[in-house]
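Student:
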Amino acid sequence: MPKFFHSLFKPFLKSDSDKEAADDLEKVASQQQKSFAYETLARATRNFHPNNKLGQGGFGPVFKGVLQDGRVIAVKKLSHTSKQGTKEFMIEAKLLSCVQHRNIVNLLGYCTQGDEKLLVYEYVVNESLDKILFRE
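Positions 1 to 136 (UniProt numbering) are the ones given, in order, by the sequence shown.
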């Protein structure tokens, strides 16, 4: 296990099953996310059509899309006018590729083609994240 992950999770490792969980975490951390072609994401979002826009964040707009295999996705597109740049984009991609939690939307992959930078997430249906996290 890389020293960073070992030192981060060492206080929580209590048994063999915890060690196995930490080993699984290491595998997740070392996984490479899928690289999507820009054309695939453009097709999935109908060329980033305004009707598919889910919202706007600090990085730029987020679009709903459907891949050819039927999976529904959310595509976060880094705006060329965003105050957040490539460095922040890469940090988000790297961090989310290391994390799997039931309260965090899974990062499925990314696209860095030319000037375009996009992150591809699983699509969460019908509810905002705050409603999902704080329901009683």
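Just so it is clear, CB atoms sit at the ideal spot from N, CA and C, and this is done for glycine as well.
Report buried or exposed for Gly109, applying the criterion of at least 16 other Cβ atoms within 10 angstroms of its Cβ.
Tutor: Burial call: buried.
Student: Taking Cβ to Cβ, would you say Val120 is nearer than 7 Å to Phe36?
Tutor: Their beta carbons are under 7 Å apart, which means Val120 touches Phe36 by this criterion.
Student: Could you tell me how far apart the beta carbons of Gly60 and Lys77 are, in whole angstroms, since I believe they sit closer than 8 Å?
Tutor: With a Cβ gap of about 5 Å, Gly60 and Lys77 count as contacting.
Student: If I measure Cβ to Cβ from Ala44 and keep anything under 6 Å in the same chain, skipping five residues before and after, which residues do I get?
Tutor: Within the same chain, Ala44 has close Cβ partners Gly65, Val66, Leu67.
Student: Could you work out which residue in Asn52, Asp115, Gly57, Thr81 is closest to Tyr38 when comparing CA atoms only?
Tutor: Of Asn52, Asp115, Gly57, Thr81, the residue nearest in Cα terms is Asp115.
Student: If we count the other Cβ atoms within 10 Å of its Cβ and call it buried at 16 or more, is Val72 buried or exposed?
Tutor: With fewer than 16 Cβ atoms within 10 Å of its Cβ, Val72 is classed as exposed.
Student: By the three-class DSSP mapping on this structure, what secondary structure does Ile73 have?
Tutor: Looking at Ile73 - three-state DSSP - the assignment turns out to be strand.
Student: Quick check on Tyr121: does DSSP put it in helix, strand or coil?
Tutor: Tyr121: strand per DSSP, three-state reduction.
Student: Per DSSP, what kind of secondary structure is Leu54 in: helix, strand or coil?
Tutor: It is a strand residue.
Student: What does the alpha-carbon distance come out to for the pair Val125 and Ala74?
Tutor: Going by the C-alpha atoms only, they are around 10 Å apart.
Student: Restricting to Cα atoms, I'd like to know which of Val62, Leu41, Arg46 is closest to Ser79.
Tutor: The shortest C-alpha separation from Ser79 is found at Val62.
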